[in-house]
Amino acid sequence: QVQLVESGGGLVQIGGSLRLSCAASGRTISNYAMGWFRQAPGKEREFVTAISRAGGTSYIDSVKGRFTISRDSAENTVYLQMNSLKPEDTAVYYCAAGRVTQGPYDYWGQGTQVTVSS
């Protein structure tokens, strides 16, 4: 079992930055692919980015060049650095752990709210 706890969300202005953290316990994250997903109001949850066990990363087109996923194995934590934030980035962000980046993801956090406002 892996327990995941996200933090770092909040209210930020357009063009601002936030760094989300996903602290894992129970198992080491180096044994898992780790992903970030988001769900905006009235929309389905969507994949944002993931990092494989080998360290390879993937992003959806809308966040490429603005978001960066990283992993600190010593801290057993995954991060999502979000820069140049836009109103369409507003959502609840979830981290998840699975065997491969393509999914399925077996473990999920409770989510953290990110609101981008002018």
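The number in the working numbering is simply the position in the sequence shown, starting from 1, with 33 added. Where is the CB? At the ideal position from N, CA and C, for every residue including glycine.
Residue 87 and residue 47 have their alpha carbons spaced roughly 33 Å apart. By the CB criterion at 9 Å, residue 52 and residue 113 fall inside the cutoff. As a beta-bridge residue in DSSP terms, residue 112 pairs with 54 and 103. Counting C-beta pairs closer than 8 Å gives fewer than three between the segment 96-108 and the segment 132-140, which falls short of the contact rule.
A straight line joining the alpha-carbon of residue 34 with that of residue 54 spans about 19 Å.
Of the other Cβ atoms in all chains shown, fewer than 16 fall within 10 Å of the Cβ of residue 93; this residue is therefore exposed. With a 10 Å radius around the Cβ and a threshold of 16 neighbouring Cβ atoms, residue 77 comes out exposed. In the structure shown, residue 62 adopts helical secondary structure according to DSSP, grouped into three states.
Residue 125 is not a Cβ neighbour of residue 101, given a cutoff of 9 Å. Short of 7 Å from the beta carbon of residue 41, and not among the five residues preceding or following it, lie these beta carbons of its own chain, in chain order: 51, 52, 53, 54 and 145.
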